[in-house]
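*Asks:*
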Amino acid sequence: MDGGFEGVYREHVTPLWRYVRLRVPSDADAEDVISEVFVAAMKSWDRYDPAAGTVGAWLTGIARHNVAGWWRRNGREIPSEHVGSDRVEPGDGPETAALRRIADDEVRAHLSVLTERERDAVALRFGARLSSPEIGAALGISAPAARMLVYRAVAKLRKEVVA
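Under numbering that gives the first Met the number 0, the residues of the sequence shown are numbered 0 to 162, in order.
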């Protein structure tokens, strides 16, 4: 890959951050986890084997491991200081930023109806923007099974949001 590890970072940091942000309670936590992901990736870069899968899938595996570690260290209850999102996109005015925070909180609240595996599949698909084969590889299932898992999770979310 052109640009070495710096190029890998630039290409993958945003989708990985989206994935991690869907899996942990706050932007600050996501930033901490992403930092850990890229430190671990840099340390093991010489052991990355392109024959075993894409760089994105490899980094996603590291991210999944670090998200699990975050939850082990911090418990399953979300501290009250983490309620609410501090994500603001470039160009957002104050009203847009406020609406984005509300929408993010509502989506995360509805994710609680999903199983852990379903949340992970949805985060991989819509956060990391992985394909069904990549999700399948990350979760140890076939691409069609990954596609069905995401489909059913989205249907469950749709039902919850409409209710």
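The beta carbon of each residue, even a glycine, is placed where N, CA and C say it ideally should be.
Hey, how far is the Cα of Trp44 from the Cα of Gly60?
*Replies:* As a position in the sequence shown, residue 44 is number 45, starting the count at 1. As a position in the sequence shown, residue 60 is number 61, starting the count at 1. Approximately 14 Å between the Cα atoms of the pair.
*Asks:* Go ahead and pull the three-state DSSP assignment for Pro78.
*Replies:* Taking the first residue of the sequence shown as position 1, residue 78 is located at position 79. Because the pLDDT at Pro78 is just 45, under 50, the model does not fix this residue reliably, and the value given afterwards should be weighed accordingly. Pro78: coil per DSSP, three-state reduction.
*Asks:* Given this structure, state the Cα-to-Cα distance separating Tyr47 from Arg151, to the nearest angstrom.
*Replies:* Taking the sequence shown and counting its residues from 1, one reaches residue 47 at position 48. Taking the sequence shown and counting its residues from 1, one reaches residue 151 at position 152. Each residue's alpha carbon lies about 33 Å from the other.
*Asks:* Do Ala163 and Val19 have their C-beta atoms within less than 7 Å of each other?
*Replies:* With the chain covering only 0 through 162, there is no way to say anything about residue 163.
*Asks:* May I ask which residues mark the beginning and end of the alpha helix (DSSP H) holding Ser34?
*Replies:* The residue you call residue 34 lines up with position 35 of the sequence shown. Where Ser34 is concerned, the enclosing alpha helix (DSSP H) stretches over 26–43.
*Asks:* Which value, in whole angstroms, describes the spacing of the CA atoms of Val121 and Val7?
*Replies:* Taking the sequence shown and counting its residues from 1, one reaches residue 121 at position 122. Taking the sequence shown and counting its residues from 1, one reaches residue 7 at position 8. Taking the straight line from one Cα to the other gives about 23 Å.
*Asks:* What does the Cβ neighbour count give for Ser131, buried or exposed, with the cut at 16 atoms within 10 Å?
*Replies:* For the purposes of this step, residue 131 is taken as the residue at position 132 of the sequence shown. Buried, by the Cβ-count rule.
*Asks:* Count the other CB atoms, across all protein chains shown, that sit within 10 Å of the CB of Arg9; report buried if there are 16 or more and exposed otherwise.
*Replies:* Against the sequence shown, residue 9 aligns to sequence position 10. Exposed, because fewer than 16 other Cβ atoms sit within 10 Å of the Cβ of Arg9.
*Asks:* What residue range does the alpha helix (DSSP H) around Arg46 cover?
*Replies:* Taking the sequence shown and counting its residues from 1, one reaches residue 46 at position 47. Where Arg46 is concerned, there is no enclosing alpha helix (DSSP H), given that its DSSP letter is neither H nor E.
*Asks:* Give every residue of the same chain whose Cβ lies closer than 8 Å to the Cβ of Ile33, excluding the five residues on either side of it in the sequence, and list them in chain order.
*Replies:* Translated into positions along the sequence shown, residue 33 becomes position 34. Contacts found: Val12, Leu15, Trp16, Val19, Ala62.
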